[in-house]
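In the numbering used here, the protein residues as written are 4 to 288.
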């Protein structure tokens, strides 16, 4: 499994790198060349081109810092998901039908796959933001945020009934689908997409914050740490600034902050699985 994962990752990133090298000869159309000309004439601060800062490329990679941090997030989520998979299927007690006692296990498995998919396309699009890669990056991020919002509601409210889960999932799924179709087939609006993403992120942070406040979960401190630090890190997404020395901007730093938070988050998910399983076993006796 690990070998196939690494092989696919290397193939996709290599393809994106090749696109960057081929397109690096764009001449005057490249924002880097425009920026050099502007600095020579005016000497002022960098400007955005089509909503993006000009970066210094490394081996054809457009935003090297963001690519590195995206891959680190991908690796951290893979480690977190794999450790969770091993925990619920091999370390914790199972039911008679070999299924996990933890009622939210399947939700977290899907969440893990969506996070890895999102960070993969993040790395690829930061290598070279051609339109297709950019849309895949934005779409996978919106899907992840929408799904993680659903998981936040289901887990915090302890919804285990299928009908209740459908009632929560349906409106969120409809909203996410409509937004993605609008962005991909009508108009790719960066500002509106940012508002939607921030709204869904803040909403689920508030839900987890309330859950951490009202519950007696033994690992609620991890939840609080991720909520507070995650909320603060979002300021980097909102308060944008140009890349330092042409390499590291606010967006790249935001990617960097999510690496340790991802480790803590999956630690909470594993603790939650163990906590719920032990409680269910006690009730069964």
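The beta carbon of each residue, even a glycine, is placed where N, CA and C say it ideally should be.
Where in the region 66 to 106 do unbroken runs of the beta strand (DSSP E), each at least 3 residues long, occur, reported from the N-terminal end onward?
Listed in chain order, nothing qualifies, since the region 66 to 106 has no complete beta strand (DSSP E) run of 3 or more residues.
List the residues that DSSP assigns as beta-bridge partners of residue 267.
Locating residue 267 in the chain shown gives position 264, where the first residue counts as 1. In the DSSP output, where bridge partners are listed per residue, residue 267 has none listed.
My assumption, with CB atoms under 8 Å, is that residue 277 sits in contact with residue 108. Please give the rounded CB distance.
For the purposes of this step, residue 277 is taken as residue 274 along the chain shown, with counting starting at 1. For the purposes of this step, residue 108 is taken as residue 105 along the chain shown, with counting starting at 1. The pair is not a contact, with the Cβ atoms about 12 Å apart (cut-off 8 Å).
Whether or not the region 236 to 243 and the region 178 to 191 are in contact is what I'm after, with contact meaning three or more pairs of Cβ atoms, one per stretch, closer than 8 Å; do they touch?
With a cut-off of 8 Å, the region 236 to 243 and the region 178 to 191 do not count as touching, because too few Cβ pairs lie within range.
For residue 142 and residue 148, what's the separation of their Cα atoms in angstroms?
If you number the chain shown from 1, residue 142 lands on position 139. If you number the chain shown from 1, residue 148 lands on position 145. So the alpha carbons of these two residues sit roughly 10 Å apart.
So within the region 182 to 219, which uninterrupted alpha helix (DSSP H) runs reach at least 4 residues, ignoring any that extend past its ends?
Counting whole runs of 4 or more residues, the region 182 to 219 contains the alpha helix (DSSP H) stretches 193 to 217.
Excluding five sequence neighbours on each side, which residues of the same chain lie with their C-beta closer than 7 Å to the C-beta of residue 153?
Residue numbering aside, residue 153 sits at position 150 when the chain shown is read from its first letter. If we look at residue 153 and ignore the five residues flanking it on each side, its Cβ neighbours are 171, 172, 175.
Using the three-state DSSP reduction, which class does residue 62 fall into: helix, strand or coil?
Residue 62 sits at position 59 when you count from the first residue of the chain shown. Residue 62 falls in the coil class under three-state DSSP.
Please state whether the Cβ-Cβ distance between residue 117 and residue 146 is less than 8 Å.
Against the chain shown, residue 117 aligns to sequence position 114. Against the chain shown, residue 146 aligns to sequence position 143. The answer is yes: Cβ separation under 8 Å.
Alpha carbon to alpha carbon, what distance is there between residue 123 and residue 77?
Residue numbering aside, residue 77 sits at position 74 when the chain shown is read from its first letter. Residue numbering aside, residue 123 sits at position 120 when the chain shown is read from its first letter. C-alpha separation (whole angstroms): 6 Å.
Pick out whichever of 216, 86, 193 has its Cα sitting closest to the Cα of residue 137.
As a first step, residue 137 is located in the chain shown; it is residue number 134 there, counting from the start. It is 193 whose Cα lies nearest to the Cα of residue 137.
Okay, do the region 68 to 85 and the region 243 to 261 touch, 3+ Cβ pairs below 8 Å being the bar?
Yes, since at least three Cβ pairs between the region 68 to 85 and the region 243 to 261 fall closer than 8 Å, the two stretches touch.
Quick one: grab the DSSP three-state call for residue 175.
To locate residue 175, count along the chain shown from 1; it is residue 172. DSSP places residue 175 in helix when its eight states are reduced to three.
Residue 114 and residue 150 - do their beta-carbons sit closer together than 8 Å?
The residue labelled residue 150 in the question sits at position 147 within the chain shown. The residue labelled residue 114 in the question sits at position 111 within the chain shown. The answer is yes: Cβ separation under 8 Å.
Quick one: complete alpha helix (DSSP H) runs, 4+ long, within the region 111 to 172?
Listed in chain order, the complete alpha helix (DSSP H) runs (minimum 4 residues) inside the region 111 to 172 are 134 to 159.
Let me check understanding here. Comparing Cα to Cα, which of 216, 163, 133, 203 lies closest to residue 179?
The residue you call residue 179 lines up with position 176 of the chain shown. Ranking 216, 163, 133, 203 by Cα distance to residue 179 puts 203 first.
Evaluate residue 96 with the Cβ neighbour count: other Cβ atoms within 10 Å of its Cβ, from every protein chain shown; 16 or more gives buried, anything less gives exposed.
Along the chain shown, one-based indexing puts residue 96 at 93. Exposed, by the Cβ-count rule.
From residue 255 to residue 127, what does the alpha carbon distance come to, in whole angstroms?
Numbered from 1 along the chain shown, position 252 holds the residue referred to as residue 255. Numbered from 1 along the chain shown, position 124 holds the residue referred to as residue 127. Approximately 14 Å, taken between the alpha carbons.
If we ignore side chains and look at the alpha-carbon of each, how far apart do residue 291 and residue 281 end up?
Limits of the chain in this structure are 4 at one end and 288 at the other, which puts residue 291 out of reach.
If you compare alpha carbons, which of 94, 104, 183 is closest to residue 283?
Here residue 283 refers to the residue found at position 280 of the chain shown. The shortest Cα separation from residue 283 among 94, 104, 183 belongs to 104.
Rounded to whole angstroms, what's the CA-CA distance from residue 195 to residue 134? Just pull it up for me.
Position 192 of the chain shown, counted from the first residue, corresponds to residue 195. Position 131 of the chain shown, counted from the first residue, corresponds to residue 134. In a straight line, the C-alpha of residue 195 is about 17 Å away from that of residue 134.
Using a Cβ-Cβ cutoff of less than 6 Å, which residues in the same chain neighbour residue 144 once the five nearest sequence positions on both sides are dropped?
Here residue 144 refers to the residue found at position 141 when the chain shown is read from its first residue. Result list for residue 144: 121, in chain order.
With burial defined as no fewer than 16 other Cβ atoms inside 10 Å of the residue's Cβ, what is the status of residue 111: buried or exposed?
In the chain shown, the residue the question calls residue 111 occupies position 108. So residue 111 counts as buried.
Please report the straight-line C-alpha distance between residue 37 and residue 140, rounded to a whole angstrom.
The residue labelled residue 37 in the question sits at position 34 within the chain shown. The residue labelled residue 140 in the question sits at position 137 within the chain shown. Because residue 37 carries a pLDDT of 48, less than 50, the predicted location of this residue cannot be relied on, and the following value inherits that uncertainty. Their Cα atoms are separated by approximately 26 Å.
Report buried or exposed for residue 221, applying the criterion of at least 16 other Cβ atoms within 10 angstroms of its Cβ.
Residue 221 sits at position 218 when you count from the first residue of the chain shown. Exposed.
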